[in-house]
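Chains as they are written, first to last, in our numbering: chain A, 334 to 849; chain B, 334 to 849.
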């Protein structure tokens, strides 16, 4: 790269912007020399317009072609080798091993979506062949604006789950790179471009735009040819996009994953049984990746009889290693968040030592009464801290659970007896979270068919979506019904002979049979 | 009923409002004597609060219990007999036979949803039984606010498709009756109440509120315990609810079906083959129910060679019978809409005679250039009028199709040769409409598994939903994931033994098998 980094608009580099920004190395505490240009309004328009043109071709590709494209992206990411991992580590401060794992997750996601669309039943074909003859399937929405996340520079960024799901569905993508890792984004976008060229995809099926200001994202969000937005990040950022998108002349859906506090409930029996072990495991989950997971357990609730558990927590928290955070801004927000909690009446149970550029793991505490009176106490503080609340009775526990906002996850630790006695807790939590975990920890989100990474507001914008797992594809689709179509105009998925051999709902019955 | 009509809040009548309104008989041109009370803010709050309490019980009912409830509603509607049909006819001006058919459709919908949930596979159970073990299914959203439509006093109103789908999913319902037919609404709500009591459903599973002002609907829409809104009506009404719901502190989804012009494309070959027949059929579709269908063909496009077709249209339009409309307000809007079209440059091709209280079927015409320059020409005028546009070439036809807004339906008439030659038209229209019809007419929406009654904005708010057919149930659900749950805490749909014998996606494969 010569001169500041450019936009990748389809197959063409574009370097029209004069405003530049730099990434920061949080481990080394220094700016990374090579700057990147902010995309201009014209470049944003060009990327979306090209993506809309590309969509008219790309939407007609066979699933096998799109699968080859996704697999070529995965291969290309692997081929980037250590350069990608080193670059991502320099820009995020995340350890190499973590990023190697994240790369596997990223390529695994791409291959899983390739497999999904190759099998083909995901289109939810429905046929009622009476009078009239009506046939329905899921079709791609159009151009998707993907906003990369700061905390997963690979798996939730340029070629992350949103991009993989959108491309799998048959949508084209304009990605806004997270400004914390432009070099990583540039490398991955290059791999996508090469894969698109190798597999014969239309120019503009994917574009990458850079920008460190709010303007870039907003200009993308209001573009009339954009069909939907996928975002992973802060509540503030997601809400701003949601407000913009819902106020357009033609509103578009925003699938924003905005994080949560992921409450963990420890029931009395299990704390008595293995309080110390759970305390150790909890601190591991809390401080993994310096607490920078959307599913980080930022709130935990106990109910009586938890002396060993609380003692272990308090004893061990001080000795935990501090870590650097993704960006100076995120570290500042973490420290500010802790200060606000204390100002609002939270008591510090324990805190680790940390250098000024690091985040100190911390445990705080409030009473049930405080939490119920001031919902802000239960808002997310992104980083390695958790707020403890002690309930005096099951009823108090339920009241607290019922007062929670929407969450990505909610977790219960309990013995069989605990769980049977607190069955109502599951009932309450299923209204609060997209995923309920029993005797585990919320960090670590499996990528498969059954995963839900989403939840009621403010965890995500529409609770009907997931941003992890194969069901994520449905965010970028809508059903279309073909009435009384002659055979030669029907897509293969809906033809009588079922040439793709997919599962279909025929007059209400699942079947792979052909129709005569 | 003594005194003004009341709200039905669960099992209790409530008559606190002092403001009243009356329905109007559009055939007789007279006010219907018995007034109805506007719901007060307190009554609205009470209905939603009771519905939220009822939800905590109702969500746990077995599908078989909810199916019995839905069937009891259908039976109750049938048992209302002629009184219901006569009342609906008086309030809507719709003929008795049409309303008898609509009653069948309404009870048919209720029974279809009963069947769907009895079979059970609709919950989309997904199981990945690795490490971790994650299991997903669709769960009900909560309390749904249903806004009845004016044009289907039975099938899209109190016990219409929205209510049936929401109750089937396990949601509770607070319905805002359309003020044009409060007596009809009261009768149907009474049948729902009786059915709920007979089948042991919780008090508040359904409530009916009345209101002729915008305030009632707005107060319902902002209630913090409401989870989603379903609406069928005008763009203005739907958009107002959408704006309110998306600006709440906790935004909620709005599934608004706001109508469209349902363009019909007549290709040259078929017009040559049977132009006169098509002209007659088109006018039938246009004037059915005085043009008061969401799927009424308000726009039609021809391309050359259409003399007999256009002549037949122009010859026959003048002789078509005028009809009364649902309300004086709707008639006024129709006449105003026609005036605006003419003012904007549309030429009147022909118009029937009509008394002052009736709507005259009308055909208007603009050029492609006019339509492209002024998109307002292609906006819906609710009633029995249609706007003709003549394209001079396939390219002009495509340009016009590509410039259309989102639609519920789009229709093409063509011979096999026409359709093969204009394949691009299907490609364009699939981005524009929820349903594409070949050689048929858009009016008449089949209720089955494959139907889509929805479409891109402004036809509906989110294009991912349908308000007709069994897929309508998904608007009122969200996926929830159970991670590492012990067997005794799992819902039956996700238990290893598959006690409900439903189709499930097991590690990516559809199966009815039990897991060991």
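Every residue, glycine too, gets a C-beta built ideally from N, C-alpha and C.
Distance cut-off 7 Å: residue i Cβ against heavy atoms of the ligand NAP
i: residue 532 of chain A; result: With respect to the ligand NAP, the structure offers nothing, as it holds no ligand at all.
Residue i versus residue j: straight-line alpha-carbon distance, rounded
i: residue 787 of chain B; j: residue 628 of chain B; result: 10 Å
i: residue 785 of chain A; j: residue 837 of chain B; result: 16 Å
i: residue 850 of chain B; j: residue 669 of chain A; result: The shown model of chain B, from 334 to 849, leaves out residue 850 of chain B, and the question about it has no answer.
i: residue 797 of chain A; j: residue 468 of chain A; result: 24 Å
i: residue 348 of chain A; j: residue 370 of chain A; result: 7 Å
i: residue 495 of chain A; j: residue 665 of chain B; result: 48 Å
i: residue 558 of chain B; j: residue 475 of chain B; result: 8 Å
i: residue 826 of chain A; j: residue 802 of chain A; result: 23 Å
i: residue 382 of chain A; j: residue 505 of chain A; result: 11 Å
i: residue 508 of chain B; j: residue 448 of chain A; result: 44 Å
i: residue 538 of chain A; j: residue 714 of chain A; result: 37 Å
i: residue 602 of chain B; j: residue 820 of chain A; result: 19 Å
i: residue 778 of chain A; j: residue 619 of chain B; result: 53 Å
i: residue 386 of chain B; j: residue 343 of chain B; result: 11 Å
i: residue 436 of chain A; j: residue 358 of chain A; result: 20 Å
i: residue 565 of chain A; j: residue 517 of chain A; result: 17 Å
i: residue 577 of chain A; j: residue 711 of chain A; result: 27 Å
i: residue 834 of chain B; j: residue 847 of chain B; result: 8 Å
Cross-chain neighbours of residue i in chain A, by beta carbon under 9 Å
i: residue 772 of chain B; result: 817, 819
i: residue 779 of chain B; result: 461, 463, 464, 465, 467, 816
i: residue 472 of chain B; result: 763, 764
Under 9 Å by beta carbon: chain B residues contacting residue i
i: residue 785 of chain A; result: 467, 469, 811, 812, 813, 814
8 Å Cβ cutoff, residue i in contact with chain A
i: residue 782 of chain B; result: yes
i: residue 579 of chain B; result: yes
is_contact[residue i, chain B] using C-beta, thresh 8 Å
i: residue 583 of chain A; result: yes
i: residue 364 of chain A; result: no
i: residue 737 of chain A; result: no
Distance between beta carbons of residue j and residue i, contact taken as under 8 Å
i: residue 419 of chain A; j: residue 659 of chain A; result: Not a contact, Cβ separation roughly 16 Å.
i: residue 526 of chain A; j: residue 403 of chain A; result: Residue 526 of chain A to residue 403 of chain A, Cβ: 14 Å. No contact.
i: residue 571 of chain A; j: residue 591 of chain A; result: 4 Å
i: residue 679 of chain B; j: residue 655 of chain B; result: Not confirmed; about 20 Å, so no contact.
i: residue 421 of chain A; j: residue 514 of chain A; result: 6 Å
i: residue 775 of chain B; j: residue 639 of chain B; result: Not quite, the Cβ-Cβ distance comes to about 20 Å (not below 8 Å), so this is no contact.
i: residue 493 of chain B; j: residue 391 of chain B; result: Wrong, their Cβ atoms sit about 19 Å apart, outside the cutoff.
i: residue 575 of chain B; j: residue 794 of chain B; result: 5 Å
i: residue 671 of chain B; j: residue 637 of chain B; result: No, residue 671 of chain B and residue 637 of chain B are not in contact; Cβ-Cβ is about 27 Å, not under 8 Å.
i: residue 813 of chain A; j: residue 767 of chain B; result: 6 Å
7 Å Cβ cut-off: residues of chain B touching residue i
i: residue 795 of chain A; result: 586
Closer than 8 Å at the beta carbon, the chain A residues around residue i
i: residue 741 of chain B; result: None at all; the shortest Cβ gap to chain A is about 10 Å.
i: residue 843 of chain B; result: 454, 836, 843
Contacts of residue i in chain B (Cβ-Cβ under 8 Å)
i: residue 769 of chain A; result: 813, 814, 815, 816, 818
i: residue 822 of chain A; result: 752, 756, 759, 771
**Message:** Taking beta-carbon pairs under 8 Å, can you tell me which members of the stretch 745-763 of chain B lie near chain A?
**Reply:** Taken in chain order, the members of the stretch 745-763 of chain B whose beta-carbon sits within less than 8 Å of a beta-carbon on chain A are 749, 752, 753, 756, 759, 760, 763.
**Asked** Along the stretch 798-819 of chain A, what residues have a CB closer than 9 Å to any CB found in chain B?
**Response** For the stretch 798-819 of chain A, the set of positions with a beta-carbon nearer than 9 Å to some beta-carbon of chain B reads 798, 799, 802, 803, 804, 807, 808, 810, 811, 812, 813, 814, 815, 816, 817, 818, 819 in chain order.
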